[in-house]
Amino acid sequence: MNTMLHRMNLEGAWRLQLDEQKQGLQLPFVDSITLPNTTSHAKKGKKNTEVKVGALTDEYAFEGHAWFAKEVEVPENLQDKPCFLYLERTRVTTVWVDGEEIGTQNSLNTPHVHDLTGALSEGKHTITIRVDNTNYPTKGGHMTSEDTQTNWNGITGRVELQFFSHRYIENIQAYTDPVKKTVALTARLVGSWDAVKLHISARHSNTDVKHTVKEQVFQLSSNNVSVTYEMGEDALLWSDLKPNLYELNIELKAVSGDVLDSHQVLIGLREFTAAGDKFAINGKNTFLRGKHDGLIFPLTGYAPTDVEEWLRIMKISKSYGINHYRFHTCCPPEAAFIAADMLGIYMEPELPFWGTITDETHEQHNQAEQDYLISEGYAMLRAFGNHPSFVMMSLGNELWGSKEKLNEILKQYKDFDSRHLYTEGSNNFQFVPVILEEEDFYCGVRFSKDRLFRGSYAMCDAPLGHVQTDLPGTMKDYDEQIVPSAKTEIEEQSADIKSIQIQYGTEMRTVQAETAEDQLIPHIPVISHEIGQYATYPNFKEMEKYTGSLKAKNFEVFKDRLEAKGLGHLAEAYFENSGKLAAACYKEELEAAFRTKRLAGFQLLDLQDFSGQGTALVGMLDAFMDSKGLITPEEWRTFCSDAVLLARFERYNYEAGAIFAAQVELSYYRTDSIENKVLKWELLSKGTSLAEGELMIPAGPDSNHIQIGTIQIQLPEVEVMTQVELKLTIEGTDIYKNYDLWIYPMHTELDWAGVHKFRELNDEVRALLEQGEDVLLLPNPASLPHSIEGTYSTDFWCYPMFRSISESMNKPTPVGTMGLYINKEHPVFAHFPTESHSTYPWWSIVMNSRSIIMDDMEPKLQPIVQTIDNFERNHKLGLLFEARVFKGRVLVGTFDDERIKDTPEGRQFIHSVLRYLHSDAFEPTVQLEWNELAKLL
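Numbering (the numbering used here), first residue to last: 20 to 956.
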């Protein structure tokens, strides 16, 4: 904050003229607007009749020139003073004073400061600002994307005139040293440096601990200011655990004692470093629990510039264990950095670029764009670099091009500002990643095609991840993928350089990929990029929340589609049950990251829904950062915090009497010692303890991955399928973890006696049904003509986007389903108790199934087990259903009983189906014609 000589607040009413065709200002002005604001949020211009399906719809979208004008009155005492027009957050701006053009600025990320010195004499003047949201030097990534904050036009932050005395300080940069407890300050003094002194004091800013540093006075000897301020041995350090802040008060005083200029600079004593394969804060290892942020704010369409709103948002993230924000191809306003300073969040802004960085030899080289992007990086470092939360910076998202040029840019930034760590970009070069000499950390998803360190992938990026394909358990980590114990073969390519197809945004593109010459082994911290992306079905109740400039017309389309299929009554069930599965997928995704000793952090995509790119409803929170009611912050923190208990066991389903063994570990990044505390474990069934014990947490070397010990239990001889809970608690702390397990009776007999089981419809089936007999139809899933492949995990990101990309790449399309909706009260589950959503007893059943498309069937024919489809197709998908045909009754299951019968859960499921067929409860209510049944199969 800068107190300067005088600040003239220009917020409030401005005259407005929209110029869509960019023909020039047409006087007189015919409209007005209150700034800060956007034309869209103020509902200016023509109402947009377009309905966007893949993103929110901006009701008053406007692209072109917006002209703003305001009359100001300059008092006599300010008329000859240095003066600047400060526009905190805007687009490309050109400024006039009384019709005389002052200049143009085009930073997308940092304030525009127009020098009006000499242009404002005493009296009234008209300031005119033209904001252009079309002629950007670069596409702008998520700074301008309709998928996130929209390509708004306006001014959304502070708007003010800043008057200075003839001697003032600018570009103050603070370099803290947490070891020496000092702050090295550099700045530029404008005006004469003689007969002035710099007075610096500090006070502790944001905790109950009071620590005021005495004032120190510095004599200046040139216009280039460089001083070191001693904070004292009692100075407190800044970290995510203890975000101790200080406010530096910097005053430029004349010999007379008059204050010529004054600044307040928020600092934190911290050093954020890359230490081997980990990040360290002030010498202590830390683990980045990150979320993606694309500046999604549905009520306004633009990012807030007030600290209070960012505090609200970031407190929610902290309540879910988040300590890190990665800003996808964008940089937030300063208010976000201040909130992160106050709360202890590690920030990583990113250049607004998603494309190819070329050198001068490339035929499509765009030097002007590249110069602009590099200048934006310098502007971000100057504007926000003092904030202790600003610890990292990325050159962009999924970049391609010249490794040499990327390396050169990194070196330039590191030489310019050493306070931050730098990376070449997020998931650069995708299938053929590299680690550059100058980068401080690596962010990606794989080190070769098969060395994956994320749990889920799109089909076009196959192979898929372990959450999508592997038998559920808790053994998976990525240590072997990050640093293999043995050298692996490098995939041969036909030439030194070949063309490969990659996902690029919402589309596909072909790029040139160099052959890997050797196995890539990281020597710097590794962050897993955009992990998760587990989709939930839309919550149509959310539509009423879109009361601002953005409307959820995509939700309206999705709702209409569902209702057109006769499935509108299932919308809430689809949302809740797909969401419960997504939460379970996130648990395994995150725990795999915490189990990995060589991983330095992760970046979720996302804790909240993503409004665009097909509409990706991948959050446990909606786009407003409100809970969807799928999981509490407390439960989420059991697998996403600075202390995560982890039990490693091979599977979730066990036969009675089997030995259950689990290795218990603790991922621990707190500063308090945990050694010699007691871990209590307990196996519970409906609140009754089946077994319990204690493990002492060992004393030993300082480690972030503590091996606590092994639990070994002989599971009870249950007579019925029994769900149990493994509870882990470290006494005297808030650290705990729960796992659900399932136990099945041993050697359950499958009573096929009297059951008419068939693999296909034939004359014998017809005859039996005509005679009033019961039939069990278990067709070979592979033979079903109108069906969808069975997969357990919910859809990745969003089906329409990746269907389109896969098709354009001639690759298999995603399965696109979102788990099960189960009529759990149905008597067929009398011996296979279940939730209404997918749980691990269903994994082998679903993975060995296909679901029949039942769109044209009798609406009353509701599957007992229904697979939830995505909002684009909205198929009615049946995995288990029943009906009356002729005089008989038929139960149809589209799972492969031969493949699942040797698993305890599969055998128990078949047993429950057979018991149901033998029972009086088998009474289907819907009558089907024979040809209708034949049409399905």
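All C-beta atoms, glycine included, are put in the ideal place defined by N, C-alpha and C.
Hey, how far is the Cα of E563 from the Cα of L769?
For the purposes of this step, residue 563 is taken as residue 544 along the sequence shown, with counting starting at 1. For the purposes of this step, residue 769 is taken as residue 750 along the sequence shown, with counting starting at 1. A straight-line Cα-Cα distance of about 51 angstroms links E563 and L769.
When burial is assigned at 16 or more other CB atoms within 10 Å of the CB, is G173 buried or exposed?
Position 154 of the sequence shown, counted from the first residue, corresponds to residue 173. Buried.
So what does DSSP say about H937, is it helix, strand or coil?
Position 918 of the sequence shown holds residue 937. Three-state DSSP puts H937 in coil, outside helix and strand.
Using a Cβ-Cβ cutoff of less than 7 angstroms, which residues in the same chain neighbour E792 once the five nearest sequence positions on both sides are dropped?
Counting from 1 along the sequence shown, the entry for residue 792 is found at position 773. When the five nearest sequence neighbours on each side are left out, the beta carbons in the same chain lying within less than 7 angstroms of the beta carbon of E792 are those of H775, G907, in order along the chain.
Leaving out the 5 sequence neighbours to the left and right, which residues in its chain are closer than 6 angstroms to C363 when beta-carbon positions are compared?
For the purposes of this step, residue 363 is taken as the residue at position 344 of the sequence shown. Reading off the sequence shown, one finds Gly at residue 363, where the question assumed Cys. By the criterion of a C-beta distance shorter than 6 angstroms, G363 is surrounded in its chain by D259, P262, once the five residues flanking it on both sides are discounted.
Supposed contact pair G492 and P658 - C-beta distance, whole angstroms, cut 8 angstroms
Indexing the sequence shown from 1 puts residue 658 at position 639. Indexing the sequence shown from 1 puts residue 492 at position 473. Per the sequence shown, the amino acid found at residue 658 is Phe instead of Pro. About 15 angstroms; that fails the 8 angstroms criterion.
Rounded C-alpha distance that separates H131 from G633:
Here residue 131 refers to the residue found at position 112 when the sequence shown is read from its first residue. Here residue 633 refers to the residue found at position 614 when the sequence shown is read from its first residue. Take the alpha-carbon of H131 and the one of G633: they are about 33 angstroms apart.
What does the Cβ neighbour count give for G676, buried or exposed, with the cut at 16 atoms within 10 Å?
As a first step, residue 676 is located in the sequence shown; it is residue number 657 there, counting from the start. Here G676 is exposed. Its C-beta has fewer than 16 other C-beta atoms within 10 Å.
Taking DSSP's pairing of strands, which residues face Y187 in a bridge?
Looking up residue 187 in the sequence shown gives position 168. Beta-bridge analysis with DSSP links Y187 to V209.
Is the distance from the Cβ of L2 to the Cβ of V737 below 8 angstroms?
This structure cannot settle anything about residue 2, because the visible part of the chain is limited to 20 through 956.
So what does DSSP say about I364, is it helix, strand or coil?
Position 345 of the sequence shown, counted from the first residue, corresponds to residue 364. Here I364 sits in coil by DSSP.
Can you give me the C-alpha to C-alpha distance between I454 and M411, rounded to a whole angstrom?
On the sequence shown, position 435 is the one that residue 454 refers to. On the sequence shown, position 392 is the one that residue 411 refers to. Those two C-alpha atoms are separated by around 16 angstroms.
Tell me, which residues are paired with Q622 by DSSP?
Walking along the sequence shown from the start, residue 622 turns up at place 603. Beta-bridge pairing links Q622 to G309.
G773 to Q790, Cα distance in whole Å?
Counting from 1 along the sequence shown, the entry for residue 773 is found at position 754. Counting from 1 along the sequence shown, the entry for residue 790 is found at position 771. Approximately 15 angstroms between the Cα atoms of the pair.
Every unbroken beta strand (DSSP E) inside the stretch 317–364 [3 residues or more]
Considered as a whole, the stretch 317–364 harbours 343–346 as its complete beta strand (DSSP E) runs of no fewer than 3 residues, in chain order.
With a threshold of 16 other CB atoms inside 10 Å of the CB of D921, please say whether the residue is buried or exposed.
On the sequence shown, residue 921 is found 902 positions in, with the first residue counted as 1. Exposed, since its Cβ has fewer than 16 Cβ neighbours within 10 Å.
Starting from R222 and walking both ways along the beta strand (DSSP E), at which residues does that stretch end?
Taking the first residue of the sequence shown as 1, we reach residue 222 at position 203. Unbroken beta strand (DSSP E) run through R222: 215–223.
Go to F577, then tell me how far its alpha helix (DSSP H) extends in each direction, as first and last residue.
Translated into positions along the sequence shown, residue 577 becomes position 558. For F577, the enclosing alpha helix (DSSP H) begins and ends at 572–583.
Does any C-beta atom of chain D lie closer than 8 angstroms to the C-beta of G706?
The structure shown contains no chain D, having only a single protein chain.
Within this structure, are the beta carbons of E266 and R222 separated by less than 8 angstroms?
Walking along the sequence shown from the start, residue 266 turns up at place 247. Walking along the sequence shown from the start, residue 222 turns up at place 203. The answer is yes: Cβ separation under 8 angstroms.
Among the residues of its own chain, which have a CB less than 6 angstroms from the CB of Q731, if the five just before and after it don't count?
Reading the sequence shown from its first residue, position 712 is the one you call residue 731. Excluding sequence neighbours, Q731 sits near A680.
Assign H937 to buried or exposed, taking buried as 16 or more other Cβ atoms, counted over all protein chains shown, within 10 Å of its Cβ.
Your numbering for residue 937 matches position 918 in the sequence shown. So H937 ends up on the exposed side.
Where K433 sits in the DSSP three-state scheme:
In the sequence shown, the residue the question calls residue 433 occupies position 414. If DSSP states are grouped into helix, strand and coil, K433 belongs with the helices.
Short check: CB of K216 to CB of Q181, under 8 angstroms?
Taking the sequence shown and counting its residues from 1, the one referred to as residue 216 is at position 197. Taking the sequence shown and counting its residues from 1, the one referred to as residue 181 is at position 162. No Cβ-Cβ contact shorter than 8 angstroms links K216 with Q181.
Exposed unless 16 or more other CB atoms sit within 10 angstroms - verdict on D915:
Sequence index remark: in the sequence shown, residue 915 carries index 896 (1-based). The residue in question, D915, is buried, as its Cβ has 16 or more Cβ neighbours within 10 Å.
Give the DSSP-derived three-state secondary structure of V904 in the structure shown.
Translated into the one-based positions of the sequence shown, residue 904 becomes position 885. DSSP places V904 within a strand segment (E or B) once states are collapsed to three.
I332 and M644 look like a contact to me (Cβ under 8 angstroms); what is the Cβ gap, rounded to whole Å?
Working through the sequence shown from its first residue, we reach residue 332 at position 313. Working through the sequence shown from its first residue, we reach residue 644 at position 625. With a contact defined as Cβ atoms closer than 8 angstroms, I332 and M644 qualify at about 5 angstroms.
Could you compute how far the alpha carbon of I887 sits from the alpha carbon of F594?
What you label residue 887 is simply residue 868 of the sequence shown in a count that begins at 1. What you label residue 594 is simply residue 575 of the sequence shown in a count that begins at 1. For I887 and F594, the distance between alpha carbons rounds to 9 angstroms.
In its own chain, which residues sit with a C-beta less than 6 angstroms from the C-beta of E95, not counting the 5 before and 5 after it?
For the purposes of this step, residue 95 is taken as residue 76 along the sequence shown, with counting starting at 1. Only E141 meet the Cβ criterion.
According to the Cβ coordinates, are A80 and S59 closer than 8 angstroms?
The residue given as residue 80 occupies position 61 in the sequence shown. The residue given as residue 59 occupies position 40 in the sequence shown. The beta carbons of A80 and S59 sit closer together than 8 angstroms.
Could you tell me which residues DSSP pairs with S281 in its beta bridges?
As a first step, residue 281 is located in the sequence shown; it is residue number 262 there, counting from the start. Looking at the DSSP assignment, S281 forms a beta bridge with E270.
If you draw a straight line from the alpha carbon of D661 to that of T748, how long is it in whole angstroms?
Counted from its first residue, the sequence shown places residue 661 at position 642. Counted from its first residue, the sequence shown places residue 748 at position 729. For D661 and T748, the distance between alpha carbons rounds to 15 angstroms.
Just the Cα atoms here: how many angstroms apart are L760 and W861?
Indexing the sequence shown from 1 puts residue 760 at position 741. Indexing the sequence shown from 1 puts residue 861 at position 842. Whole-angstrom Cα-Cα distance: 13 angstroms.
Between which two residues does the alpha helix (DSSP H) holding A590 run?
Here residue 590 corresponds to residue number 571 of the sequence shown, with the count starting at 1. Its alpha helix (DSSP H) spans residues 590–614.
What's the gap between the Cα of I550 and the Cα of A635?
Residue mapping note: residue 550 aligns to position 531 of the sequence shown, counting from 1. Residue mapping note: residue 635 aligns to position 616 of the sequence shown, counting from 1. Going from the Cα of I550 to the Cα of A635 covers about 14 angstroms.
For Q181, which of helix, strand or coil comes out of DSSP?
What you label residue 181 is simply residue 162 of the sequence shown in a count that begins at 1. The answer is strand: DSSP assigns Q181 an E or B state.
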